[in-house]
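Undergrad: Questions regarding the structure given below will be posed in turn.
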Ligand code: FES
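In my numbering, the protein residues as written are 584 to 736.
Encoded structure:
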């Protein structure tokens with residue numbers, strides 16, 4: 584994976600580690616940060632690889648494991664749960680034929696749950712990669728899945 588353009592976008596400082604990792608993950612077709620990239624980023628910023636893995640492990644949006652092109656993260660915190668996120672999770676499991684943490688066989692979608700996304704006023708909420716969606720219904724989920732599937736073709 585070519586990461587030079589991303590590294591050059593930011594000052595060579597560990598203060599930008601999170602931004603760099605986000606950009607790399609967003610650019611990767613499997614929405615993750617591969618080990619060889621961790622090595623390069625650590626060397627570039629003059630930090631230990633363990634520090635980079637520490638940041639990846641701390642932030643639930645970042646992943647060191649391959650995932651789908653689109654990562655669906657449904658909020659499972661109390662307010663969203665009260666507003667029906669558990670139904671949405673069940674619906675997505677059935678529709679995508681995957682369990683939490685799994686990726687569809689075509690490599691398009693990974694289903695995850697997450698803590699509060701800070702969008703409680705529009706519960707139930709979820710994110711697909713960097714995009715936030717709220718006040719969701721199963722009908723809206725259908726439309727979103729169709730849109731993302733089409734945008735990939
Ligand atoms: S509880 Fe779901 S966004 Fe806050």
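Positions of the beta carbon are idealized from the N, C-alpha and C atoms, including for glycine. Note that this is a predicted model, so its numbers are computed, not measured.
Which two residues bound the contiguous alpha helix (DSSP H) that contains residue 641?
TA: Stepping through the chain shown from its first residue, residue 641 is reached at position 58. Looking at the DSSP string, the run of the alpha helix (DSSP H) that includes residue 641 is 632-641.
Undergrad: Buried or exposed for residue 720, please, with buried defined as at least 16 other CB atoms from any protein chain shown within 10 angstroms of its CB.
TA: Locating residue 720 in the chain shown gives position 137, counting from the first residue. Residue 720 should be labelled exposed.
Undergrad: So what's residue 624 in DSSP terms, helix, strand or just coil?
TA: To locate residue 624, count along the chain shown from 1; it is residue 41. If DSSP states are grouped into helix, strand and coil, residue 624 belongs with the helices.
Undergrad: Can you give me the Cβ contacts of residue 632 inside the same chain, cut-off strictly under 8 Å, excluding the 5 residues immediately before and after it?
TA: Position 49 of the chain shown, counted from the first residue, corresponds to residue 632. Hits under 8 Å: 621, 622, 625.
Undergrad: Using CA atoms only, rank isn't needed, just tell me which of 713, 676, 683 is closest to residue 725.
TA: Numbered from its first residue, the chain shown carries residue 725 at position 142. Nearest C-alpha to residue 725: 676.
Undergrad: Let me know the alpha helix (DSSP H) ranges lying completely inside the stretch 593-625, each 4 residues or longer, listed in chain order.
TA: 600-610
Undergrad: Quick one: grab the DSSP three-state call for residue 699.
TA: What you label residue 699 is simply residue 116 of the chain shown in a count that begins at 1. Note: residue 699 maps to coil in three-state DSSP.
Undergrad: Please identify the residue among 691, 673, 660, 607 whose C-alpha is closest to the C-alpha of residue 702.
TA: Taking the first residue of the chain shown as 1, we reach residue 702 at position 119. Checking every option, the nearest Cα to that of residue 702 belongs to 660.
Undergrad: Return the bridge partner residues of residue 693 from the DSSP annotation.
TA: For the purposes of this step, residue 693 is taken as the residue at position 110 of the chain shown. Its beta-bridge partners are 654, 686.
Undergrad: Go ahead and pull the three-state DSSP assignment for residue 711.
TA: Along the chain shown, read from residue 1 onward, the residue named residue 711 stands at position 128. Three-state result, residue 711: strand.
Undergrad: Could you tell me the boundaries of the alpha helix (DSSP H) in which residue 646 lies?
TA: For the purposes of this step, residue 646 is identified with residue 63 of the chain shown, where counting begins at 1. Where residue 646 is concerned, there is no enclosing alpha helix (DSSP H), given that its DSSP letter is neither H nor E.
Undergrad: If we call anything under 8 Å between Cβ atoms a contact, is residue 650 one with residue 687?
TA: Locating residue 650 in the chain shown gives position 67, counting from the first residue. Locating residue 687 in the chain shown gives position 104, counting from the first residue. Their beta carbons are not under 8 Å apart, which means residue 650 does not touch residue 687 by this criterion.
Undergrad: Short of 7 Å in beta carbon distance, which residues of its chain neighbour residue 662, apart from the five on each side in sequence? Order them along the chain.
TA: Sequence index remark: in the chain shown, residue 662 carries index 79 (1-based). Taking residue 662 as the centre and dropping the five residues before and after it, the same chain places the C-beta of 703, 706 closer than 7 Å to its C-beta, in chain order.
Undergrad: So, at 7 Å on beta carbons, what are the nonlocal neighbours of residue 681 in its own chain, with the 5 sequence-adjacent residues on each side left out?
TA: Reading the chain shown from its first residue, position 98 is the one you call residue 681. Hits under 7 Å: 687, 694.
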